[in-house]
Amino acid sequence: MPDLMTQRQREMKLPALMDQGWTMADGRDAIQKEFKFKSFARAIGWMSSVAILAEKMDHHPEWSNVYNRVWVTLTTHSADGVTELDIDLAIKIDMLYS
């Protein structure tokens, strides 16, 4: 099971994600981001790519989709908060989006 990030790890890793549009979720230890696409098909295609990546990492996002938007929340449920696994997946999700 991954460990929760220390305050020092958070100070080192989270600012770069925040610069990319990730925010801390209200009321819980999680990061979240909204992604916008040109169409519903592109949103679903991207979600499929993320799903394959997440499955390989054995780490799965909480997400929802409405038309051309996808909202993603990352937290490690077994650790009850943000871990390096969430950071790694967020970085890879951003790479797939760009």
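Just add 22 to the spot in the sequence shown (first one is 1) and you have the numbering used here. Yeah, the Cβ is synthetic: ideal placement off N, Cα and C, and Gly gets one too. Note that the structure is predicted; figures quoted are calculated from it, not measured.
For residue i, the nearest candidate out of the options (CA to CA)
| i | options | result |
| --- | --- | --- |
| residue 51 | 28, 102, 33 | 102 |
Presumed contact (8 Å Cβ cut-off) between residue i and residue j, rounded CB distance
| i | j | result |
| --- | --- | --- |
| residue 53 | residue 39 | 6 Å |
| residue 26 | residue 105 | 6 Å |
Pair within 8 Å by beta-carbon distance, residue i and residue j
| i | j | result |
| --- | --- | --- |
| residue 60 | residue 87 | no |
| residue 111 | residue 69 | no |
| residue 57 | residue 119 | yes |
| residue 95 | residue 84 | yes |
| residue 98 | residue 24 | yes |
Environment of residue i [buried if 16+ CB atoms lie within 10 Å]
| i | result |
| --- | --- |
| residue 55 | buried |
| residue 73 | exposed |
| residue 115 | buried |
| residue 28 | exposed |
| residue 81 | buried |
| residue 66 | exposed |
| residue 108 | buried |
beta-carbon residue i near the ligand ATP non-hydrogen atom, thresh 7 Å
| i | result |
| --- | --- |
| residue 84 | In the structure shown, the ligand ATP is absent, as is every other ligand, since no ligand is present at all. |
Residues bridged to residue i [DSSP beta-bridge criterion]
| i | result |
| --- | --- |
| residue 54 | 45, 95 |
| residue 84 | 95 |
| residue 105 | 26 |
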